[in-house]
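Notes follow once the structure below has been shown.
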Amino acid sequence: MNYKTDMERCLNYIEAHICEDISPRRLAELLGYSFYHFCHVFRVCNDMPVGEYLRKRRLQKALEALDNGEQITNIALALGFETPSGFSKAFRREFGMSASTYRRSKGQRIKGNKKGEKDMQVTIAQKDGFKAVGYSIAPREGNKAELIKLGAYWLGSDFSSVSYEDYDKLAGGGADQIGMWFHPEEKDGDLSYFFGPVVDNFDFVPQGMVTVEVPSAEYAVFTTDPADLANDKQAFAEVIQRTLRYVFEEWFEKSDYSFDQTKYAFEFYTNRNGGMDSNQAVADIYIPIKKK
């Protein structure tokens with residue numbers, strides 16, 4: 001698969017059909033991806049889930065329509081918003097002002113940017129299947145200050161629903177932990193994020209936690225650059241996301257492998273690589289692969 005080409009094709013399709021009822025599943029079918037894999041790749045390459053991207057693009061189209069003097073009610077209906085009030089709320093949440101205020105003041109557009117990534121060292125390894133117990137973390141919708149759009153999404157989450165004693169019992173005082181996206185939602189293509197320790201069995205599962213089984217697979221393993229997890233958690237998360245972006249936007253294109261859509265990609269955290277108080281923490285990123 002050529003992810004850059006596929007994402008360009010996907011985004012071009014969205015632009016051409018932005019006023020239509022576009023679903024994440026329809027886009028996955030267009031590219032020939034499984035639904036889960038499409039949602040994962042889209043989020044990595046575009047720094048946001050499909051549903052959020054569609055909403056943002058429609059609102060950008062609304063800016064253009066406002067500049068052209070079109071009526072707010074007509075714009076809302078043409079871009080697929082169910083009601084003008086729903087459009088108004090989305091517009092204000094995105095741009096910090098109402099559509100009518102924008103029309104009078106010509107508010108600033110919001111633009112994104114991409115950065116190229118350097119080559120990284122990779123190890124190809126077979127890993128046996130394993131079990132894990134942990135938290136299922138729903139994406140934090142509407143948090144504009146949120147820099148952790150994909151990797152290390154557990155940072156900043158509220159884990160108080162499980163007592164320290166129960167978590168310590170589960171983790172055995174220092175078990176390896178994983179973080180991964182799983183279970184995409186059909187409506188908007190979003191995912192839930194899993195974070196928790198690797199376990200031998202499911203004999204003890206604290207209330208409020210979920211279980212996952214990761215099957216055996218062949219992986220491309222990328223180790224992130226060291227980052228100061230103790231004092232700058234955002235920097236640590238950005239290093240992980242930068243690594244994932246490199247994998248999907250550059251490494252696959254020039255490697256002999258493609259992503260194995262039947263398996264899970266995950267972040268692997270071990271005390272050997274530095275804990276929460278480390279200023280040189282790294283993570284291993286496991287990407288399931290198969291020969292092209």
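If you count by full-length UniProt numbering, then the sequence shown holds residues 1 to 292, one letter each, in order.
Yeah, the Cβ is synthetic: ideal placement off N, Cα and C, and Gly gets one too.
| Query | Result |
| --- | --- |
| Reduced DSSP category for Ile-72 - H, G, I as helix; E, B as strand; rest coil | helix |
| Secondary structure of Glu-82, DSSP reduced to three states | coil |
| Simplified DSSP state of Ala-220, which is helix, strand or coil | strand |
| C-alpha gap between Asn-113 and Cys-45, whole angstroms | Model confidence at Asn-113 stands at a pLDDT of 33, short of 50, so the residue's coordinates are unreliable and nothing is read from them. |
| Candidates Ala-220, Tyr-264, Val-239, of which the one nearest Trp-251 by Cα | Ala-220 |
| Residue ranges of each beta strand (DSSP E) within the region 192-265, 3 or longer | 192-199, 210-214, 217-223, 257-259 |
| Extent of the continuous beta strand (DSSP E) run through Pro-288 | 284-291 |
| Among Ala-237, Ala-230, Phe-268, the one whose alpha carbon lies nearest that of Phe-222 | Phe-268 |
| Under 8 Å between C-beta atoms of Val-133 and Thr-243 | no |
| 8 Å Cβ cutoff met for Tyr-264 and Val-214 | yes |
| Neighbour-count burial assignment, Ile-289, 16 or more Cβ in a 10 Å radius | buried |
| Distance CB(Ala-78)-CB(Phe-91) smaller than 8 Å | no |
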